[in-house]
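Just so you know, we're using UniProt numbering here: the sequence shown kicks off at 1 and counts up by one. Beta carbons: idealized from backbone N, C-alpha and C, even for Gly. If you're wondering where the values come from, they're calculated on a predicted model, not measured in any experiment.
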Amino acid sequence: MTRQDNITAASGPFNEDLNLIRDQLRRFIETEVTAKAEAWEEEGMVPRDVLRRMGDLGVLGMRYDEQYGGAGLDVMSSVVLAEEVGRSTFGGFSATVLVHTDMASPHLENAGTPEQKARWMPSITSGEMITAVAVTEPGAGSDVAGMRTRAVRDGSDWVLNGTKMFITNGVHGDLYFVGAKTDPDAKGSRGITIFAVEKGTPGFSVGRALNKTGWLCSDTAELIFEDVRIPAENVLGEVNRGFYSVMKNFQNERIVLGAMACAEAQTALDMTVDYVKQRRAFGGVLWDKQAVRQRLADCQTRIAAGRQLVYHAAGLDAAGGDCVKEVSMVKAYCGELVNSVLYDCVQFHGGMGYMRETPVERMSRDARVQAIGGGASEVMLEEVAKRM
Numbered sequence: 001m002t003r004q005d006n007i008t009a010a011s012g013p014f015n016e017d018l019n020l021i022r023d024q025l026r027r028f029i030e031t032e033v034t035a036k037a038e039a040w041e042e043e044g045m046v047p048r049d050v051l052r053r054m055g056d057l058g059v060l061g062m063r064y065d066e067q068y069g070g071a072g073l074d075v076m077s078s079v080v081l082a083e084e085v086g087r088s089t090f091g092g093f094s095a096t097v098l099v100h101t102d103m104a105s106p107h108l109e110n111a112g113t114p115e116q117k118a119r120w121m122p123s124i125t126s127g128e129m130i131t132a133v134a135v136t137e138p139g140a141g142s143d144v145a146g147m148r149t150r151a152v153r154d155g156s157d158w159v160l161n162g163t164k165m166f167i168t169n170g171v172h173g174d175l176y177f178v179g180a181k182t183d184p185d186a187k188g189s190r191g192i193t194i195f196a197v198e199k200g201t202p203g204f205s206v207g208r209a210l211n212k213t214g215w216l217c218s219d220t221a222e223l224i225f226e227d228v229r230i231p232a233e234n235v236l237g238e239v240n241r242g243f244y245s246v247m248k249n250f251q252n253e254r255i256v257l258g259a260m261a262c263a264e265a266q267t268a269l270d271m272t273v274d275y276v277k278q279r280r281a282f283g284g285v286l287w288d289k290q291a292v293r294q295r296l297a298d299c300q301t302r303i304a305a306g307r308q309l310v311y312h313a314a315g316l317d318a319a320g321g322d323c324v325k326e327v328s329m330v331k332a333y334c335g336e337l338v339n340s341v342l343y344d345c346v347q348f349h350g351g352m353g354y355m356r357e358t359p360v361e362r363m364s365r366d367a368r369v370q371a372i373g374g375g376a377s378e379v380m381l382e383e384v385a386k387r388m
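As structure tokens, then:
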């Protein structure tokens, strides 16, 4: 562990078990991800055997019940996972894992019946089945109330029609938690229901794989639903109450995105400090320049502040407290933070920072979406403002 990591482990809200999980994850990622993921960027996906081996490690269902292969841990285990995948330097890998563990499958945990959990959860925690959440549409991203996908009751089934956009794990996923409007007369966010839709269901298809600026080893898709018949037993939670399920899990999603962003920023900063201490210019090394040192010191200060904000919000969430304001601060602050830090890291790498062979170049592209996905910074700040 680096000195900064030792400080975090000593002062952060992590017990011995979580630090053991962190060490195990770090070893796995260093040998099985960071050293190999460059090829995954070209392939546009994380190999399924890597995800299955993470399931074997027990890190894909840490929050879930032991009877399904989980460990019954709280949100701090998700923070550890997010920090460690964030250190990999491959944002697409991080997104693939965290969407599965903390953005999609929690819908089953939060709203699923015992029968639904017994049916799907063991395969989710083992990595045999990868999940996605399909809420975003071409005209409805952070504005969930603008959803246009519809589901109509037909006997014992529901018939689903619509299009979803920007769905992570959308190309290669196995189980999709899909939001649809089930009460067309309901105003605003009311009248939305979540359906569990399995790959291969007739009428459900991947419209196209989407090409992105960053997160290249994360598969992202447009999904199309044409008269897809969904049995009633695949309804997740209460009919017309799906919006509240989406909102509930947004808090968890935004905490892990904040933790991931801080870890990415710290990793890029560590690389940059090492670089400027070796890069010779103007008769010395760049680290000798006060302007360089102080700008990087400012980055370190803001990363430390972001980490503590994440830990504070996660602690409130673990205690069952109302933390919408704090979590919204996390998402807004950390999403902007990682972009700002990566800008400086590229700048101080000079020309090398603009080369595809340099990790900070990839990380700077990956970071851009952090201020957009999971709740744009402007939307998050409005959530803070409402509670001021």
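Under the rule that 16 or more other beta-carbon atoms within 10 Å means buried, what is residue i, buried or exposed?
i	result
N6	Caution is warranted here: a pLDDT of 48 is assigned to N6, below 50, making its placement in the model unreliable, and the coordinate value is therefore given only provisionally. Classification of N6: exposed, given that the 10 Å Cβ count is below 16.
residue 392	Past the boundaries of the shown model lies residue 392; the chain is included only from 1 to 388, so the question cannot be answered.
A385	exposed
residue 428	Outside the shown range of the chain, which is 1 to 388, sits residue 428, and nothing can be said about it.
E336	buried
N249	buried
Y354	exposed
G139	exposed
T301	exposed
A82	buried
E84	buried
L18	buried
Between which two residues does the alpha helix (DSSP H) harbouring residue i extend?
i	result
P231	Not the alpha helix (DSSP H): P231 falls in the beta strand (DSSP E), residues T220 to P231.
I303	Q290 to A318
K386	S377 to K386
G86	V75 to G86
V346	V324 to H349
Q116	P114 to S126
H107	P106 to A111
V360	P359 to A367
Take residue i as the anchor and find which of the options has the nearest alpha-carbon.
i	options	result
A265	C334, V206, K277 and D227	C334
A221	G170, S189, N234 and N110	G170
G91	R190, R279, V46 and T131	V46
L216	I372, D344 and M363	M363
K325	G353, C299 and E382	E382
D74	R148, N252, P184 and E32	N252
N211	G44, A261, R190 and P13	G44
E38	Y343, D219 and F93	F93
G146	E115, V135, Q347 and K117	V135
S189	F177, A151, H349 and V246	V246
How far does the beta strand (DSSP E) with residue i in it reach, from first residue to last?
i	result
L98	Element bounds for L98: not the beta strand (DSSP E) but the alpha helix (DSSP H), G91 to L98.
F282	Element bounds for F282: n/a, residue is neither H nor E.
W158	D157 to T168
R153	R150 to D154
A134	T131 to A134
G207	F204 to A209
Across which residues does DSSP place residue i in a beta bridge pair?
i	result
G179	I194
R22	Answer is none; R22 lacks a bridge partner.
E137	A140
L236	I194
Can you find at least 3 beta carbon pairs, one from the region 17-24 and one from the region 186-201, that sit closer than 8 Å? no
Touch check for the region 46-66 and the region 234-248: three-plus C-beta pairs under 8 Å? The region 46-66, when compared against the region 234-248, does not touch it at the 8 Å Cβ threshold.
Any chance the region 319-334 sits against the region 250-270, with 3 or more Cβ pairs inside 8 Å? yes
Hey, is the region 218-236 in contact with the region 301-311, meaning 3+ C-beta pairs nearer than 8 Å? Taking 8 Å as the limit for Cβ pairs, the verdict is that the region 301-311 does not touch the region 218-236.
For the region 354-363 and the region 284-302, state whether three or more C-beta atom pairs, one from each stretch, are separated by less than 8 Å. No: the two stretches stay apart, fewer than three of their Cβ pairs being nearer than 8 Å.
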